[in-house]
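Residue numbering for the sequence shown is 1 to 231, as defined by UniProt numbering. Just so it is clear, CB atoms sit at the ideal spot from N, CA and C, and this is done for glycine as well. Below is one structure, written out as structure tokens, with a few remarks after it.
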Amino acid sequence: MTNGVPLAADADPFTPARRRMVEEQLRARGIRDRRVLDAMGAVPRHAFVDPGYHARAYGDHALPSEQGQTISQPYIVARMLELAELEATHRVLEIGTGTGYQTALLARLADRVYSVERVPSLVRGADQRLRALGVSNVILRHGDGTIGWQEFAPYDRVLVAAAAPRVPESLRAQLAEPGVLVIPVGGEERQHLEVWRREPSGRWEGRRYGECRFVPLLGRDAWPDPPPTIE
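Here it is as structure tokens:
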């Protein structure tokens, strides 16, 4: 058990597929952070997708989840985790819980995870999955992730699993000094991963990494909620 998260069972029939994922999709493509690789090899991704997708759970692609959301491609998840430079003592704010897969990975890599999700059914599903795996260092909240979670700020790391047109100011304000924020920024169709560092002096440094594609971050400080469908 690491940071309250048990290892995947040795009898798990998906263990060989998970090992191939780590070697062929992550290590072979430049992921070097040992802790990230170990976490990706331990957390059962199939437990966070619909049973109909179990056979594809360790493939090199995103998978659909409910309410039009997705569970991101394993490489993109690993890349974001590596860019965040997570340490076991960190307190992390995650925006976009989704099915809870990245949340479970963060729980292995950090001391405490605070995760905000705007879709109530996703919060309930993620809570059930995390509890079933014995994850004990995560707190979930239903709410507008673009405004963060002020109650527990500041956070050593902030990871955003949805695309914003710009970095929400509330998330900047809730990042510790020093701290790192990882977020996909761009249009609704294509974005780039951006990493923002808040130095002890309060100065900000940003870098742009590879192109990616995420579902849009909806809320007050990002993309507006779509209008309700009229039937």
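{"query": "Cβ pair I31, Y75 closer than 9 Å", "result": "yes"}
{"query": "Residues near A153 in its chain [Cβ-Cβ closer than 7 Å; skip 5 each side]", "result": "Q174"}
{"query": "From Q73, R118, L217 and R172, residue whose alpha carbon lies closest to that of R203", "result": "R172"}
{"query": "Distance, A126 Cα to Q67 Cα", "result": "14 Å"}
{"query": "Contact set for residue 251: own chain, Cβ-Cβ below 6 Å, skip 5 residues either direction", "result": "Given a span of 1 to 231 for the chain in the structure shown, any question on residue 251 remains unanswerable."}
{"query": "Reduced DSSP category for M1 - H, G, I as helix; E, B as strand; rest coil", "result": "Here M1 scores only 47 on pLDDT, less than 50, and its place in the model is too uncertain to base an answer on."}
{"query": "Residues near L218 in its chain [Cβ-Cβ closer than 6 Å; skip 5 each side]", "result": "D225"}
{"query": "Where S136 sits in the DSSP three-state scheme", "result": "coil"}
{"query": "N- and C-terminal bounds of the alpha helix (DSSP H) containing V36", "result": "R34 to A42"}
{"query": "A84 versus V158 - alpha carbon distance", "result": "8 Å"}
{"query": "Simplified DSSP assignment, three categories, for S65", "result": "coil"}
{"query": "Beta strand (DSSP E) segments (min. 3 residues) lying fully within the stretch 166-227", "result": "175-186, 191-198 and 204-212"}
{"query": "Nearest-angstrom Cα separation, counted from R18 out to P44", "result": "8 Å"}
{"query": "Coarse secondary structure for H90, derived from DSSP in three states", "result": "coil"}
{"query": "Exposure label - E231; buried when at least 16 CB within 10 Å", "result": "Note that E231 scores a pLDDT of 39, beneath 50, so its modelled location is shaky and nothing firm can be said."}
{"query": "Expected contact under 8 Å - CB spacing of M40 and L105 to nearest Å", "result": "7 Å"}
{"query": "Three-state secondary structure assigned by DSSP to A153", "result": "coil"}
{"query": "Segment contact, 8 Å Cβ cut-off, at least three pairs: the stretch 132-151 with the stretch 205-224", "result": "yes"}
{"query": "Collapsed DSSP secondary structure at T229 in the structure displayed", "result": "Note on T229: pLDDT 42, under 50, position unreliable in the model; no value is reported."}
{"query": "Span separating the alpha-carbon of residue 234 from that of P184", "result": "Past the boundaries of the shown model lies residue 234; the chain is included only from 1 to 231, so the question cannot be answered."}
{"query": "Cβ separation of L133 and A47, assumed to be a contact under 8 Å, to the nearest whole Å", "result": "7 Å"}
{"query": "Alpha-carbon spacing of D156 relative to T103, whole angstroms", "result": "16 Å"}
{"query": "DSSP three-state assignment for A9, whether helix, strand or coil", "result": "Bear in mind that a pLDDT of 47 at A9, under 50, signals an unreliable position, so the number given afterwards is only what the model happens to contain. Correct three-state label for A9: coil."}
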